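Per the numbering used here, the sequence shown runs over residues 44 to 113.
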Amino acid sequence: MASTGGAPGILTSTVEKLAHWAQTRSMWPATFGLACCAIEMMATGAAHYDLARFGMEVFRASPRQADLMI
44 MASTGGAPGI LTSTVEKLAH WAQTRSMWPA TFGLACCAIE MMATGAAHYD
94 LARFGMEVFR ASPRQADLMI
């Protein structure tokens, strides 16, 4: 396979562009609920907060798998 310029397999970019790409294509878990606390939990789990620092990035609906019941 012929290369049309530059080294094949090399991609150059900036850290800011890479971070922006990762943030625009990241997924976050959301639980389904209609009560007031479910709406607040979905807002807390949104990208504005960094819950992964505290080990809370995955919400569990099962009491067996949950560390905290709200």
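From the three backbone atoms N, C-alpha and C, an ideal C-beta is built for every residue, glycine too.
Here the structure is a predicted model, which means the values were calculated and not measured.
C-alpha gap between residue i and residue j, whole angstroms
i          : j          : result
residue 59 : residue 82 : 31 angstroms
residue 64 : residue 57 : 11 angstroms
residue 54 : residue 62 : 15 angstroms
residue 51 : residue 84 : 46 angstroms
Extent of the continuous alpha helix (DSSP H) run through residue i
i          : result
residue 67 : 58-67
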